[in-house]
Every structure is written in C-alpha cells, then in structure tokens.
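J.: Protein chains in written order, with my numbering: chain V, 1 to 124; chain D, 125 to 689. Just so you know, even glycine gets a beta-carbon here, dropped at the ideal spot from N, CA and C. As the structure is a computational prediction, the values presented were derived from the model and not from experiment.
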C-alpha cells in the first residue's frame, strides 16, 4: 500500500515536472519565433523604406525632366490646365480568412493541428 | 591462494575507481563552490549584452508631403585582422571591390585588433561582390543612412548629414535635436549562436523616433526656379545667383534656389563655395532696388505730393565733394517717374527731405541691418552703419543702395511688405513638426513683426512699381494678362582696390504678382553677369519666366483642389 502510494506520488511529480519542462521549452521556442518575426519585420520595414525612396525618386521633377529628355521630348512644358476623370470602379472585395481552431489538449501538449500529414523528407 | 589474489585485484580496481571519483568530485566541488562567481561572470559576459536601439531620424517633407530626405538601411563592412591569414591576397581582393587604395587597406589589416572598419555605407553591388567572395574574416553591420531622392533640389535648404547621420547644414543642422530622436537600449540574453532569448531580456528603454519636419517649400516651384536660375547663370556667364519665392502675406518661403549648388547625397565632392546659401548668407550692395525704402518713407511722412515734380539736374548733381550721376539725363520728373525711371538724383533729393535720422529709422523698420529670423543657420545680418557713423555723402549713397549691405531675403521681405499692404512679416521655412502622420507637435504660424507703412502708402507705391514694369526699367518682366509690379537693380561691386568696379555688377529684380492680390513675391539676383549687367536685362526676364510658370502651377493646383473637394 505504502509502496503503491510512493510510486503514484513519484509518477505525479514526474508528470508535473514534464509539464514544466515542456512549458519552458515552448517559451524558448516562442522567443525564437519572436526573434525571427522581428527580423522579418525589420526586413519589411527596410523594403518599405526602399520603396518610399524609389517612389520619391520617380516623382522627382529632376528625374522626370531628364527621363522626358532621354526619350527625345525636348519640347516639354508645364501644363497650363488639366482634366479630372472619375472612373466608376467597384472596390475589390477583401478575402476572408478562417483561423484554424486549436483545442486545449493540443495547446498543452504542443501538438499542432494540421490538415495533412507531413512528408518525412521535407525540403526547405 | 587463488581467493587471496582475486581479492587483491578487486581491491586495486576499487581503489582506482575511488581515486577517480574522488578527483572528479573534488573538481566538481572546486568548480561549484570556489570558481562559481568567476565562471558565472565569464558566462554573463558571453551571453548578456547591452544593445543600443538607435533612433530613426525624422523625415523631411515639402509642403505637399513629398519626401525630401529619408532614411534607408545600408551595410558597412568590417574585418577581423586577427583572423586574416594572407593579408596581401585579401587586401588585393577587397581593394578592387571597395575602391580603397591598396596601401591604405594593408595598413588597416595589419592592426592588431578584432574589429576594423573597411568602409562605411557600401553600395548594394559592393555588398553582393563581398558576399560572393565568402570571406569569414569580413563581416557586415547594418546601419541607417540618409538619402535625398531629389538630388540637387533644395539642397541649401535641406542641408546634409555626416557619416553618422548628424546634421551638418541647412534644416538637418538647425533641427538636429528634433530630427535625431532619442536612442534606447536593452539588456539581452543570447544563446550559444547569438540568438536573442526574448523572454530573458531585462530592463530596456524604448527608442523614440525623430520628429518629421514639414517645410513650406513646394517641390515643383523649387524646381522651376532652380532650372531658371541655372539657365540664367550659364547664359550670362555669371559667378552665381539666387532666386527666392515667398508668399507676401504669411511669409512662407515657397522656393529658395542658389547657384552653384551641390548634391547632398555626395556633398564631400563639392567645394565649400557651392554649399553657401547665398539667399541668406551673401551680403551685397542692392543698388536701385533699395530706392523703394526712400519712396515709402517720404510718402508715409507726407514729405512729397503724389504728382509733385522734382528737378533731376539733367543727370549731374553735386553734393558736397561728391558728384552724383543718373544713367540717363532727366530734367523734371514726377515722384512716381523718379522710381519708374530709377533716377538716382531724384531719389537722393527725396532722401534729403527725410534727413539722415528719419531715413535710418525707415531702413531699420524695413528690417535691414538685422537677421530676418528664418529658421536656417548661417543667416547674415547685413551691413548698416549707425547713423552717427554716416559720412557727409552717405545721404547720397545709402538711398540708392550703396554703403549698405543686404541679403536677398531681406530685400524680398521689404518688397513683400509693400505687396501685403505695409506689414513686415517674418519669413517661414518650416510649416510644422510632426511625431507621425497624425500627430502635429508644433505649428509654425506666420507672425507680423510690425507695420511699416500705411495701406494707402503701400497701395500707391504698388502702382509706382507697376509702372516700373509697364513703362520703366522693368519692361522685360511684363507678363501678358497678369499685372506685375517690381523694381530693377544694377549695383557695382567693390573690387580688390576698394573702389567700385567697372566690370563687376550685381543684377537684380524683385517684384510681386498679381498686383491686385499678390500670390507671390520673387527676387532674382545674378552675381557678375557679363557682358550685360543691367537688372532690367539680366534678371527681369528670369523673374517673368518663373513668375509665369509658378502662377500657372498655383492656378492648376487650386483648380485641382476645388475639383477634389
């Protein structure tokens, strides 16, 4: 009886310990994901800046005039008047995404729910 | 016997094992208890770091939110000399890619350090070539650099930054504190391959992005005047020039062009002379454009009737030991005709009615001899001696724009006061400071320094200046369909002997349009044009060209906004 109780207690604390270790591992893995996302964000911000720079450069009157001269339109003049046309265009409908449901057990045990099985030899 | 031998061997093995474990446990105890603090420190130094979070420098926009200065990420290359085995081979490879002299590179690589910069802010092509070499001794650091997408446009206003993005001129320097932001820091823990363990990051201070600066200038107007200025300077073989465009009512500078100019993306390649903002830093004797001060003063003081005639002495007038000449000889001219035909003698006679003290007072009221207060570094105050230091003939020189030094901006502010009905406004170059697109931190609104002359005086002088363009020395500034008012100026420069040069002049024209409700006031100053040097011939046509284009652009802009709304 005493022996059984001792074994059950050891098993109980082992399980608790395993949950704790799993939690710590998850925290570390999540922090790596956060760092990876940060790098990705930095990359996107850099790309955004690059695009802003390119847009400003293309909008620059110095660039526009030299581009016009390059194509041989030497008689380029400032416009004296212009016309505004409004187009009757429907706005593009946004795609609606459905978030996959995650159950409590898979959250606790770190199982990810997937629609398909993964192949063994996955190429990166 | 056999049992005794067996026991001895067993005891020997046990003894060896015991010795082994005693040594092992002793070592463990030593590491755990005696070296613990020292080893912890070494581990902390490897994995704990303080990382600086650099602040993003603010963006500079024009009044329509077109970017004039922004940041981009660039890579800077460094080398670890201690890791380099074949210094000569690696120097040759790097010298070709980075365009650094071989001897300079070799001396850098010979240094006994772990980190030496090879080149800051390398181009994408250079980075790709270095990546292809796959040298483990060479590494890259990502940094932020300042870029100016419009190259030369508004270079003197925007300024430029150094290698560490510190402002060195223009708005970049004047608003350095607002633009640079505040760096932050954080304590991080890294793993064995230097990946950050986010959950273990301790204290940190967030970095604050620099504020954005929105200028009053319009990119298109800036281009119009820069293009016209370059054309005029080249046409008349001039040393340089400046054009400024301003809203005469609220003082907003819509454009400020200088020639020669420079590209802030590579400012080191240009001489210091090309980086001078002549519009605010160069002092010159204004010549005949200064006559507007005397004209306003005598009218305001009621010392002349509007249609009064004065004897212009047929072109020669003697004052004490000095002979004053007119370019053309006139006998009698009315007060407006004196200004329209730019008679020196007529102007000096009017100034004599005012007297030195009153004239000095009005010159000061018009803002001369003092900085305008524009938010740009390097503004000159001009030269105006106190009336106590005037000579006997100063009354014959100063009213016609000699013996006094002014900047182009000061002259423009003076004529803008006439255009807006008599008020001296402070020129503005910055519209507002913003934290981001939706948060305005500070608005710079126009301020009236003082009223100089009454509206009636201003209106009459406007009509005189309109006459200058219609029938006087400024005929080449006339625009069909638009009423223009202005004044020409042709001033001799002082040569190396200290006398007035016969070959070096400053040709200027300043004016505003449309007269009935001025949208813009413009000044054009061309330095040392040749072979012709008259303001009416050199600068007035430039004024006509830019004013016509700018008014057309503003009308288009206004129409576009009306349609949008």
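Taking the alpha carbon of residue 655(D) as the reference point, which residue from 417(D), 198(D), 130(D), 356(D) has its own alpha carbon closest?
T.: Position 531 of the second chain, counted from the start, is the residue given in the question as residue 655(D). The candidate whose alpha carbon is nearest that of residue 655(D) is 356(D).
J.: Rounded to a whole number of angstroms, what is the C-alpha to C-alpha distance between residue 577(D) and residue 328(D)?
T.: Here residue 577(D) is taken as the residue at index 453 of the second chain, counted from 1. Here residue 328(D) is taken as the residue at index 204 of the second chain, counted from 1. So the alpha carbons of these two residues sit roughly 59 Å apart.
J.: From this set, 533(D), 481(D), 536(D), 501(D), which residue's C-alpha is nearest residue 509(D)'s C-alpha?
T.: Counting from 1 along the second chain, the entry for residue 509(D) is found at position 385. Considering only alpha carbons, the answer is 481(D).
J.: My assumption, with CB atoms under 8 Å, is that residue 410(D) sits in contact with residue 645(D). Please give the rounded CB distance.
T.: Residue numbering aside, residue 410(D) sits at position 286 when the second chain is read from its first letter. Residue numbering aside, residue 645(D) sits at position 521 when the second chain is read from its first letter. With a Cβ gap of about 15 Å, residue 410(D) and residue 645(D) do not count as contacting.
J.: By alpha-carbon positions, which one of 223(D), 518(D), 556(D), 586(D) ends up nearest to residue 476(D)?
T.: Indexing the second chain from 1 puts residue 476(D) at position 352. The residue with the shortest Cα to Cα distance from residue 476(D) is 518(D).
J.: Less than 9 Å separating the beta-carbons of residue 586(D) and residue 593(D)?
T.: Indexing the second chain from 1 puts residue 586(D) at position 462. Indexing the second chain from 1 puts residue 593(D) at position 469. In this structure, residue 593(D) does not lie closer than 9 Å to residue 586(D) by Cβ.
J.: Does chain V have any CB closer than 9 Å to the CB of residue 344(D)?
T.: Working through the second chain from its first residue, we reach residue 344(D) at position 220. Cβ-Cβ to chain V under 9 Å: yes for residue 344(D).
J.: Nearest to residue 217(D) by alpha carbon, out of 564(D), 256(D), 379(D), 486(D)?
T.: For the purposes of this step, residue 217(D) is identified with residue 93 of the second chain, where counting begins at 1. Comparing Cα positions, the closest option is 256(D).
J.: If we require 4 or more residues per run, which alpha helix (DSSP H) segments fall completely within the region 294-355 of chain D?
T.: Whole alpha helix (DSSP H) segments, 4+ residues: 294-298, 300-304.
J.: Whose CA, out of 514(D), 324(D), 432(D), 413(D), lies closest to the CA of residue 29(V)?
T.: Mapped onto the first chain, residue 29(V) falls at position 29. Selected option, being the one with the closest Cα: 324(D).
J.: For residue 46(V), return the contacting residues in chain D, with the cut-off set at a CB-CB distance below 8 Å.
T.: By one-based count along the first chain, residue 46(V) stands at place 46. The contacting residues are 196, 197.
J.: Name, please, each residue of chain D whose Cβ falls closer than 8 Å to the Cβ of residue 49(V).
T.: As a first step, residue 49(V) must be located in the first chain, where it is residue number 49. Those are 194, 195, 196, 197, listed as they occur along chain D.
J.: Between the Cα of residue 223(D) and the Cα atoms of 259(D), 322(D), 184(D), 245(D), which residue gives the shortest distance?
T.: For the purposes of this step, residue 223(D) is taken as the residue at position 99 of the second chain. Considering only alpha carbons, the answer is 245(D).
J.: Excluding the 5 residues flanking residue 272(D) on each side, which residues of the same chain have their C-beta closer than 6 Å to its C-beta?
T.: The residue labelled residue 272(D) in the question sits at position 148 within the second chain. Correct list, in chain order: 193, 388, 389.
J.: Which residue's Cα is closest to the Cα of residue 596(D): 464(D), 571(D), 221(D)?
T.: Sequence index remark: in the second chain, residue 596(D) carries index 472 (1-based). The residue with the shortest Cα to Cα distance from residue 596(D) is 464(D).
J.: In chain V, which residues lie less than 8 Å from residue 319(D) when you measure between Cβ atoms?
T.: Taking the first residue of the second chain as 1, we reach residue 319(D) at position 195. Result: 32, 35.
J.: If you draw a straight line from the C-alpha of residue 7(V) to the C-alpha of residue 13(V), how long is it?
T.: If you number the first chain from 1, residue 7(V) lands on position 7. If you number the first chain from 1, residue 13(V) lands on position 13. Going by the C-alpha atoms only, they are around 10 Å apart.
J.: Are the region 631-650 of chain D and the region 674-681 of chain D touching, with three or more C-beta to C-beta distances below 8 Å?
T.: These segments touch.
J.: Pop quiz: residue 282(D) and residue 340(D) are said to be a contact at Cβ under 8 Å. What is the actual Cβ separation, rounded to whole angstroms?
T.: Locating residue 282(D) in the second chain gives position 158, where the first residue counts as 1. Locating residue 340(D) in the second chain gives position 216, where the first residue counts as 1. About 13 Å; that fails the 8 Å criterion.
J.: Need the endpoints of the beta strand (DSSP E) that residue 489(D) sits in, please.
T.: Here residue 489(D) refers to the residue found at position 365 of the second chain. It is not in any beta strand (DSSP E) - residue 489(D) instead sits in the alpha helix (DSSP H) that spans 480-489.
J.: In whole angstroms, give me the CA-to-CA distance for residue 402(D) and residue 516(D).
T.: Taking the first residue of the second chain as position 1, residue 402(D) is located at position 278. Taking the first residue of the second chain as position 1, residue 516(D) is located at position 392. Whole-angstrom Cα-Cα distance: 32 Å.
J.: Here's the rule: buried if 16 or more other CB atoms are within 10 angstroms of the residue's CB, otherwise exposed. What is residue 190(D)?
T.: Sequence index remark: in the second chain, residue 190(D) carries index 66 (1-based). Residue 190(D) comes out buried.
J.: So residue 524(D) packs on residue 471(D), CB below 8 Å; how close in whole Å?
T.: Residue 524(D) sits at position 400 when you count from the first residue of the second chain. Residue 471(D) sits at position 347 when you count from the first residue of the second chain. Rounded, the Cβ-Cβ distance is 6 Å, consistent with contact.
J.: Can you tell me the Cα-Cα spacing of residue 237(D) and residue 247(D), whole angstroms?
T.: Position 113 of the second chain, counting from 1, holds the residue named residue 237(D). Position 123 of the second chain, counting from 1, holds the residue named residue 247(D). Straight-line Cα distance between these residues: approximately 25 Å.
J.: List the residues of chain D whose Cβ lies closer than 9 Å to the Cβ of residue 59(V), in chain order.
T.: As a first step, residue 59(V) is located in the first chain; it is residue number 59 there, counting from the start. Those within 9 Å of residue 59(V) in chain D are 190, 191, 273, 274, 343.
J.: Buried or exposed: where does residue 241(D) fall if 16 or more other Cβ atoms within 10 Å of its Cβ makes it buried?
T.: As a first step, residue 241(D) is located in the second chain; it is residue number 117 there, counting from the start. Exposed, by the Cβ-count rule.
J.: Since residue 179(D) and residue 305(D) should fall inside the 8 Å C-beta cutoff, what is the C-beta to C-beta distance between them, to a whole number of angstroms?
T.: As a first step, residue 179(D) must be located in the second chain, where it is residue number 55. As a first step, residue 305(D) must be located in the second chain, where it is residue number 181. Indeed they touch by this definition, with Cβ atoms about 3 Å apart.
J.: When you compare only the Cα positions, how much space is there between residue 621(D) and residue 488(D)?
T.: Position 497 of the second chain, counted from the first residue, corresponds to residue 621(D). Position 364 of the second chain, counted from the first residue, corresponds to residue 488(D). Straight-line Cα distance between these residues: approximately 30 Å.
J.: Go ahead and label residue 155(V) buried or exposed: buried means 16 or more other beta carbons lie within 10 angstroms of its beta carbon, across all protein chains shown.
T.: Only positions 1 to 124 of chain V appear in the structure, and residue 155(V) is not among them; the question remains open.
J.: Can you have a look at residue 133(D) and say buried or exposed, based on whether 16 or more other CB atoms are within 10 angstroms of its CB?
T.: Locating residue 133(D) in the second chain gives position 9, where the first residue counts as 1. With fewer than 16 other Cβ atoms within 10 Å, it is exposed.
J.: With a threshold of 16 other CB atoms inside 10 Å of the CB of residue 207(D), please say whether the residue is buried or exposed.
T.: Here residue 207(D) refers to the residue found at position 83 of the second chain. Flag for residue 207(D) reads exposed.
J.: What residues from chain V crowd round residue 656(D), counting only those whose CB sits closer than 9 Å?
T.: Within the second chain, residue 656(D) is the residue found at index 532, counting from 1. Here the premise fails: no neighbours, minimum Cβ distance about 27 Å.
J.: Using 9 Å as the threshold, is the C-beta distance between residue 674(D) and residue 368(D) below it?
T.: As a working note, residue 674(D) is residue 550 in the second chain. As a working note, residue 368(D) is residue 244 in the second chain. No, these two residues do not count as a Cβ contact at 9 Å.
J.: Smallest Cα separation from residue 567(D): which of 556(D), 573(D), 574(D)?
T.: Residue 567(D) sits at position 443 when you count from the first residue of the second chain. Considering only alpha carbons, the answer is 556(D).
J.: For residue 152(D), does the three-state DSSP call read helix, strand or coil?
T.: Here residue 152(D) is taken as the residue at index 28 of the second chain, counted from 1. In this structure, residue 152(D) counts as helix in the three-state DSSP scheme.
J.: Relative to the C-alpha of residue 533(D), which candidate in 671(D), 634(D), 195(D), 181(D) has its C-alpha closest?
T.: Position 409 of the second chain, counting from 1, holds the residue named residue 533(D). The option with the nearest alpha carbon to residue 533(D) is 634(D).
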